[in-house]
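Engineer: Below you will find the structure I want to go over with you.
In my numbering, the protein residues as written are 829 to 985.
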């Protein structure tokens with residue numbers, strides 16, 4: 829099973845945001861589809877340049893997004909952060925600095941008791957990010973097996 833973040837953008841900024849994320853995160857295979865290209869689009873969408881669906885590969889995962897539909901205003905992103913685990917603290921610093929350009933820093937990037945590089949920010953598109961690198965001596969956390977999930981559910985603490 830895979831879970832992929834899907835970011836909704838206000839004010840028709842999906843194209844700009846996804847191009848920026850591709851540049852900063854090293855995203856590949858960026859694909860953009862416009863509302864106007866959808867054969868069954870309502871007449872009001874026919875001339876729209878807004879993005880109905882965008883996706884790109886980032887490392888082993890996918891980052892997806894879309895503009896709000898023409899004529900529909902969505903809520904700004906508030907309660908969700910995109911978590912990114914750069915390969916090392918130096919790469920994390922570069923990515924954090926780029927993502928925070930024209931945005932706001934929530935937690936400055938730096939070493940913590942659990943990570944050689946951690947920080948939180950809200951970028952200029954309204955997307956909240958957490959960056960956290962894994963200590964070199966510590967392997968990335970393994971995904972729980974279905975057995976361990978079932979065991980945890982059977983014996984809650």
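By construction, the Cβ of each residue, glycine as well, lies at the ideal position given by its N, Cα and C atoms.
On the premise that residue 910 lies in contact with residue 956, defined as a C-beta separation below 8 Å, what is that separation, rounded to the nearest angstrom?
Structural biologist: Contact flag correct, Cβ pair sits at about 7 Å.
Engineer: Would you kindly work out how many angstroms separate the C-alpha atoms of residue 854 and residue 890, rounded to a whole number?
Structural biologist: Going from the Cα of residue 854 to the Cα of residue 890 covers about 12 Å.
Engineer: Whole-angstrom Cβ separation of residue 837 and residue 893, contact assumed at under 8 Å?
Structural biologist: That pair is a contact at about 6 Å.
Engineer: Which term fits residue 831, buried or exposed, when burial requires 16 or more other beta carbons within 10 angstroms of its beta carbon?
Structural biologist: Exposed, because fewer than 16 other Cβ atoms sit within 10 Å of the Cβ of residue 831.
Engineer: Could you tell me if residue 899 is buried or exposed, where buried requires 16 or more neighbouring beta carbons within 10 angstroms of its beta carbon?
Structural biologist: Its Cβ having fewer than 16 others within 10 Å, residue 899 is exposed.
Engineer: Residue 961 and residue 914 look like a contact to me (Cβ under 8 Å); what is the Cβ gap, rounded to whole Å?
Structural biologist: The pair is a contact, with the Cβ atoms about 5 Å apart (cut-off 8 Å).
Engineer: Can you give me the start and stop residues for the alpha helix (DSSP H) that residue 920 sits inside?
Structural biologist: Note, residue 920: alpha helix (DSSP H), 917-927.
Engineer: Please state whether the Cβ-Cβ distance between residue 938 and residue 950 is less than 7 Å.
Structural biologist: Their beta carbons are not under 7 Å apart, which means residue 938 does not touch residue 950 by this criterion.
Engineer: Using the rule of at least 16 other Cβ atoms within 10 Å of the residue's Cβ for burial, across every protein chain shown, is residue 928 buried or exposed?
Structural biologist: The residue in question, residue 928, is buried, as its Cβ has 16 or more Cβ neighbours within 10 Å.
Engineer: Between which two residues does the beta strand (DSSP E) harbouring residue 995 extend?
Structural biologist: In the structure as shown, the chain starts at 829 and stops at 985, and residue 995 therefore has no counterpart that could be examined.
Engineer: What residues in its chain sit with their C-beta under 7 Å from that of residue 934, if we drop five residues either side in the sequence?
Structural biologist: 948, 949 and 950, listed in sequence order.
Engineer: Considering residue 882, what are the terminal residues of the beta strand (DSSP E) in which it resides?
Structural biologist: Element bounds for residue 882: 879-886.
Engineer: Could you tell me the distance, in whole angstroms, from the CA atom of residue 985 to the CA atom of residue 964?
Structural biologist: In this predicted model, residue 985 has a pLDDT of only 48, less than 50, meaning its place in the structure is not dependable; the value taken from the coordinates is given anyway. Their backbone Cα atoms lie some 31 Å apart in a straight line.
Engineer: Shortest alpha-carbon distance to residue 850 belongs to which of 877, 897, 882 and 863?
Structural biologist: It is 882.
Engineer: So residue 901 and residue 945 are supposed to be a Cβ contact under 8 Å. How far apart are they, rounded?
Structural biologist: The pair is not a contact, with the Cβ atoms about 36 Å apart (cut-off 8 Å).
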